[in-house]
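Notes to accompany the following structure.
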Amino acid sequence: MELVFALVIGALTASGVYLLLRARTFPVVVGLTLLSYGVNLFLFASGRLATGQQPILGSSASYADPLPQALVLTAIVIGFAMTAFVVVLSLRNLADNQDDHVDGNRKQDEDSEEAKQ
Amino acid sequence: MSLPLVVFLPFLVAIAAPLFAQGGRTAIAIVSSIPAIIGLAALFPHWETLAGGGVVHNSWEWLPALGISFSFRLDGLALLFALLILIIGLLIILYARYYLKKGENIGKFYALLLCFKGSMLGIVLSGNLLLMMIFWELTSLTSFLLISFWTHKQDARRGARMALAVTGGGGLALLAGILIIGNIVGSFELDAVLAAGDLIKNHAMYPVALTLILLGAFTKSAQFPFHFWLPHAMQAPTPVSAYLHSATMVKAGVFLMARLYPALAGTEQWFYMVSFTGMATLLVGAYVAMFKHDLKGLLAHSTVSHLGLITLLFGMGTELAAVAAVFHVINHATFKASLFMAAGIIDHETGTRDMRRINGLWRYMPHTATLAMVAASSMAGVPLLNGFLSKEMFFAESLQLNLPGIWAWIPPIVATLAGIFAVAYSARFVHDVFFNGKPVNLPIYPPHEPPRYMKIPVEILVFACVMVGVFPAYSVGPLLYSASAATLGGEVPDYHLAVMHGFNLPLMMSFAAFIGGLIMYSQRQKFFDFHARFKEVDEKAVFEAVVSRFVELANRFTARIENGSLQRYAVLLVGSAIVVAMVPLATMGIFVGENGLSPVDWPTAIAAAILIFCALASAFLHRGRFTSLMFLSVVGLLVALAFARFSAPDLAMTQLSVEVVTMVLLMLALFYMPSWTPLETSGTHRARDIVLALLAGGGMTLVTLAMLTQPFTSISEFFLENSKTGGGGTNVVNVILVDFRGFDTLGEITVLAIAALGIYAMLKDTALTPPPGDGEGHAWTRDAYPLMLKQIARPMLPLALMISAYIFLRGHNLPGGGFIAGLITSVALILQYIASGMVWTQDRIGIKYHNVIGLGLIFATIAGAGSFVYGYPFLTTTFDYITWPVVGKFEVASALVFDLGVYLAVIGATLLALVSIGRLSPHSAIRSPRENV
């Protein structure tokens with residue numbers, strides 16, 4: 001089970017990192033989302049994997065670690081806020097530059113460099 | 001209590017003083033005198049303790065873990081410097097009252113002067129090296145502001161910047177040195193450091209620490225080769241020069257050497273570094289002073305030279321030399337401050353400081369001339385004045401150095417040579433200014449005596465020069481003894497303060513210096529011609545050039561690293577993270593801990609395989625954005641399942657609802673974006689990215705595997721035990737969120753709120769036209785909102801709201817709570833927007849989501865602050881049980897109010913974000929759904 005879980009996190013990280021390195025904003029946003037899934041699962045895993053031991057008092061004999069769960073719960077919501085913010089940033093970039101490249105307004109930069117030369 | 005009062009009072013009055021600027025210069029001068037007068041009164045009762053060799057301590061803890069404390073310490077040396085700072089400071093305040101012109105920003109001037117005074121007192125009265133360091137830096141900053149007081153003058157700004165750069169740089173070195181010393185001794189307390197002299201000197205790090213500390217002292221005290229900043233700091237108003245650059249700030253470096261004398265002095269390294277630096281400074285300063293035509297320039301270089309003399313005395317390492325050094329600190333402060341003030345008067349009354357134009361002032365201002373001549377004679381070392389006494393001691397000590405062979409001649413020769421120069425430049429100051437023909441083309445003519453009170457400070461200081469010179473043992477004897485004892489850390493050698501010690505070699509040297517100096521002055525034209533042959537180096541230009549060269553280098557370096565390509569930054573970031581993680585990972589390898597691997601069941605394995613496949617697919621098929629997004633959504637759902645599978649129902653519910661919102665959000669965003677990503681990066685770049693991605697993924701796999709199979713102990717036992725009894729809920733995750741770690745949650749919903757407001761602000765005035773089709777030639781449908789969806793969505797709303805209320809209420813005991821309920825409500829509302837359109841929905845909801853966010857934060861904060869009423873810390877929960885019909889026994893906790901805040905903040909933030917994006921399109925307003933109702 002542990003190996004499977006580790007492979008899942010590895011796959012999420014690898015896909016996330018690959019997309020993070022793309023040149024257009026949308027894949028980067030998708031990559032960040034994948035990466036945050038991976039990170040959330042990793043944080044969650046720091047409480048180890050338990051089956052049928054949900055930390056609801058009285059529901060089982062022993063309980064999974066509730067602390068990482070609480071941390072991850074807020075991490076999920078904050079991760080959503082981050083995704084929303086980044087995607088809006090990319091929309092604003094698109095609106096301002098008519099281009100969704102991650103480097104923003106490349107055309108203007110090139111123009112100014114040409115002007116320098 | 002009295003010591004911190006002495007130090008902090010000036011700062012307090014500095015805040016108040018500018019308020020009195022309206023009342024005129026006299027009013028503000030009187031107010032600014034208060035700290036010095038109180039300070040003197042507060043120090044006076046300690047004299048008996050100090051005279052008996054005692055030390056006064058006042059200390060409080062500050063950051064004990066770092067060794068920093070508010071520790072103040074008064075001994076003889078500290079008292080001597082504190083008196084200099086307070087008394088000369090008082091005189092300067094009086095003097096500046098007349099020096100500053102009407103209309104100048106006197107409030108700022110006095111406030112800065114007081115801040116400087118407080119910082120300086122802090123240095124000398126600190127009993128903790130780190131505390132001293134703070135005040136040390138404060139003097140650099142305040143002196144920067146004082147030098148650049150006339151901000152409209154470029155020279156003043158540049159001079160100030162140079163002073164700050166040099167002394168600030170030295171301050172950094174000093175800090176490093178102090179940290180090393182503290183590390184060796186194990187304490188930054190001065191008492192401990194002074195007592196650990198042998199330990200420090202025998203430590204392997206001693207040479208480094210000494211070099212660093214001396215760098216700090218040398219830069220502050222303008223020692224060669226760092227002396228160049230001091231003459232340029234003369235752009236300051238003259239009271240500042242008189243105070244900072246003769247009596248106090250430049251003495252801070254000397255003070256430091258005296259302060260740490262028992263801890264650091266007495267080694268060969270100390271001897272060579274300190275005495276040779278002092279010797280070089282002594283000569284260079286004295287030589288250059290001779291050729292300065294600027295009155296203050298002459299005094300500045302003379303100050304450099306005298307500081308070199310004091311340094312040289314400390315460097316000699318004999319006890320008598322240290323006594324002489326302390327003595328010269330007093331003498332130099334008195335005569336040099338009075339000379340600066342005299343120079344300021346001359347500048348004030350003639351409008352220039354150029355000695356080629358100021359001549360024959362004796363006729364116009366005999367009173368000032370007399371005072372200046374006495375002070376200048378003291379500077380030259382004329383008998384019956386204080387400068388003579390310490391100079392004699394210096395000459396005597398220069399003969400006592402045990403250097404081998406011919407080297408033994410060097411100190412006395414250097415001393416005599418410097419004496420000759422000193423006499424020559426003093427003679428120039430007296431003769432050139434007050435005699436030597438008539439004034440040439442003065443801006444203010446005829447000059448006359450300054451206001452009566454402007455001369456009083458000069459008179460007091462000159463009187464002190466004479467008193468010390470004639471009755472040394474009575475006037476300054478006890479203070480000097482006490483300060484010397486504190487400097488040497490115990491025994492004071494036998495010394496004898498007297499005007500004459502008989503006819504001996506030092507007297508011969510003085511005599512030689514006089515004759516030589518006068519001859520030199522009379523032949524000055526030859527020396528001027530000789531000096532003119534050398535091209536004068538403009539330190540300021542050199543310094544500016546060096547600075548701009550550094551700036552250019554830094555810019556080029558920055559431009560190289562930061563070329564504006566986000567992709568490159570991301571590669572560097574990921575790459576360096578991998579490099580950092582690589583080393584421990586490589587040594588660990590594939591590691592399976594003690595707990596071993598547990599068996600896999602088929603459903604889990606299949607779900608994991610799908611998840612992995614979809615994750616990879618969303619990466620590899622990313623160019624088709626919609627496809628990529630679909631795969632992403634599958635991944636998100638499977639992550640939710642993973643949480644459910646591994647005993648985290650709360651997480652599963654949260655993930656599920658977030659997943660829905662995220663997908664809506666991303667699809668909405670995609671609506672405005674191109675549907676396809678063009679192929680831009682080259683094959684090698686993609687290969688590199690794949691390698692990076694695989695390394696990162698592989699690394700995370702190894703780390704996770706190692707972590708998961710390791711046994712661990714958790715602090716969660718506490719939460720499990722106290723959740724019911726202390727928090728009143730059985731859902732431990734929720735209790736942690738709203739109770740144990742409630743403050744974190746409050747922070748997190750605040751972040752959520754800020755993100756949503758940021759989104760709103762970013763899109764507020766933005767309009768985006770979505771592309772006409774999906775990029776493959778298919779146009780978007782122009783249909784109105786689908787009827788079926790609309791019909792289903794509307795009855796869904798009350799149902800969904802009820803479910804979210806249920807989830808919310810049960811959250812404390814069963815999976816649920818504010819976050820999840822908030823997300824469910826959001827999803828229900830979003831569905832209305834999707835089904836019926838922006839305007840239709842917004843019209844009916846009629847609430848501004850900003851207000852919902854604000855309300856949420858207010859609820860959460862009030863729920864937390866409510867516990868103050870009962871005398872508990874912020875966010876302490878109280879709870880009770882009530883029985884509700886239908887629901888049954890129900891627990892009402894103040895945490896519920898907090899959770900309500902969370903609930904509202906989540907709804908507000910989510911919807912504000914989505915609505916902001918939805919509103920982007922110019923069509924959304926046109927497509928008014930009213931016609932569809």
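Chains as they are written, first to last, in full-length UniProt numbering: chain W, 1 to 117; chain Z, 1 to 933. Ideal Cβ positions, reconstructed from N, Cα and C, are used throughout, including at glycine.
Open item on the list: At a CB distance below 9 Å, what residues from the stretch 724-742 of chain Z approach chain W? Give them in sequence order.
Closed with: Lys724, Gly729, Thr730, Asn731, Val732, Val733, Asn734, Val735, Ile736, Leu737, Phe740 and Arg741
TODO: Entirely within the stretch 240-326 of chain Z and at least 4 residues each: give me those alpha helix (DSSP H) ranges in chain order.
DONE: 249-259, 261-264, 268-290 and 295-316
Task: Near-chain Z residues of the stretch 1-23 of chain W - C-beta to any C-beta below 9 Å - done: Met1, Glu2, Leu3, Val4, Phe5, Ala6, Leu7, Val8, Ile9, Gly10, Ala11, Leu12, Thr13, Ala14, Ser15, Gly16, Val17, Tyr18, Leu19, Leu20, Leu21, Arg22 and Ala23
Open item on the list: Give me the residue from Z:Val440, Z:Ala321, Z:Asp354 and Z:Pro447 with the minimum Cα distance to Tyr364 (chain Z).
Closed with: Z:Pro447
Task: Endpoints, alpha helix (DSSP H) assigned at Leu90 (chain Z) - done: Gly76 to Tyr99
Open item on the list: Less than 8 Å between the beta carbons of Ser826 (chain Z) and Leu911 (chain Z), yes or no?
Closed with: yes
Open item on the list: Checking the sheet assignment: what are the DSSP bridge partners for Ser59 (chain Z)?
Closed with: Z:Ser71
Open item on the list: Here's the rule I'm using: 16 or more other beta-carbon atoms within 10 Å means buried, otherwise exposed. How should Met508 (chain Z) be labelled?
Closed with: exposed
TODO: Provide the residue(s) that pair with Asn128 (chain Z) in DSSP beta bridges, ordered along the chain.
DONE: Z:Glu189
Open item on the list: Using a 10 Å radius around the Cβ and a threshold of 16 neighbouring Cβ atoms, would you call Asp96 (chain W) buried or exposed?
Closed with: exposed
TODO: Let me know if Phe712 (chain Z) comes out buried or exposed under the rule of 16 or more other beta-carbons within 10 Å of its beta-carbon.
DONE: exposed
TODO: Helix, strand or coil for Ile38 (chain Z), going by three-state DSSP, please let me know.
DONE: helix
Open item on the list: Quick check on Trp150 (chain Z): does DSSP put it in helix, strand or coil?
Closed with: coil
Task: Status (buried if at least 16 other CB within 10 Å, exposed otherwise) for Met788 (chain Z) - done: exposed
Task: C-alpha gap between Lys116 (chain W) and Leu164 (chain Z), whole angstroms - done: The predicted model places Lys116 (chain W) with a pLDDT of 46, which falls under 50 and marks its position as unreliable; any figure quoted below should be read in that light. Between Lys116 (chain W) and Leu164 (chain Z), the C-alpha separation is close to 35 Å.
Task: Opposing strand residues paired with His101 (chain W) [DSSP bridges] - done: W:Arg24
- [ ] Determine whether the Cβ of Ala29 (chain Z) lies closer than 8 Å to any Cβ atom of chain W.
- [x] no
Open item on the list: 8 Å is my cut-off, CB to CB: does Gln567 (chain Z) come that close to chain W?
Closed with: yes
TODO: With DSSP as the reference, please indicate the residues paired to Trp676 (chain Z) in a beta bridge.
DONE: Z:Gly624
- [ ] Let me know the alpha helix (DSSP H) ranges lying completely inside the stretch 493-567 of chain Z, each 4 residues or longer, listed in chain order.
- [x] 505-522, 524-532 and 539-561
- [ ] Would you kindly work out how many angstroms separate the C-alpha atoms of Lys535 (chain Z) and Met290 (chain Z), rounded to a whole number?
- [x] 16 Å
Task: Residues that DSSP places opposite Ile184 (chain Z) in a beta bridge - done: None, per the DSSP bridge assignment.
TODO: Go ahead and pull the three-state DSSP assignment for Ala800 (chain Z).
DONE: helix
Open item on the list: Using the three-state DSSP reduction, which class does Asn731 (chain Z) fall into: helix, strand or coil?
Closed with: strand
- [ ] Name, please, each residue of chain C whose Cβ falls closer than 7 Å to the Cβ of Pro771 (chain Z).
- [x] In the displayed structure, chain C is absent; the protein chains listed are W and Z.
- [ ] Using a Cβ-Cβ cut-off of less than 9 Å, give me the residues of the stretch 90-101 of chain W that come near chain Z, in sequence order.
- [x] Ser90, Leu91, Arg92, Leu94, Ala95, Asp96, Asp100 and His101
TODO: Below 8 Å on the Cβ atoms is my guess for Val458 (chain Z) versus Ala380 (chain Z); work out the distance and round it to an integer in Å.
DONE: Going by Cβ atoms, the distance from Val458 (chain Z) to Ala380 (chain Z) rounds to 18 Å, so no, they are not a contact pair.
Open item on the list: Rounding to the nearest angstrom, what Cα-Cα distance links Gly596 (chain Z) and Trp602 (chain Z) in this structure?
Closed with: 19 Å
Open item on the list: Short of 8 Å Cβ to Cβ, which residues in the stretch 34-52 of chain W face chain Z?
Closed with: Leu34, Tyr37, Gly38, Asn40, Leu41, Phe42, Phe44, Ala45, Ser46, Gly47, Arg48, Leu49, Ala50, Thr51 and Gly52
Open item on the list: Suppose contacts are defined by Cβ-Cβ distances below 8 Å. Is Phe906 (chain Z) in contact with Ile78 (chain W) by that definition?
Closed with: For the record, residue 906 (chain Z) in the displayed sequence is Val; it is not Phe. No, the pair does not count as a contact, with Cβ atoms beyond the cut-off.
Task: Met355 (chain Z) vs His293 (chain Z) beta-carbon contact at 8 Å - done: yes
Task: Residue-level contact to chain Z via CB, Lys116 (chain W), 8 Å cutoff - done: For Lys116 (chain W), the pLDDT reaches just 46, beneath the cut-off of 50, and the residue's location in the model is therefore unreliable, although a value from the coordinates is still provided. No, Lys116 (chain W) does not count as interfacial toward chain Z.
- [ ] Determine the DSSP secondary structure at Asp765 (chain Z), reduced to helix, strand or coil.
- [x] coil
TODO: Give, in chain order, every residue of the stretch 42-64 of chain Z whose Cβ lies closer than 7 Å to some Cβ of chain W.
DONE: none
Task: Exposed unless 16 or more other CB atoms sit within 10 angstroms - verdict on Asn93 (chain W) - done: buried
TODO: Using beta-carbon positions only, say whether Tyr95 (chain Z) and Met454 (chain Z) come within less than 8 Å of one another.
DONE: yes
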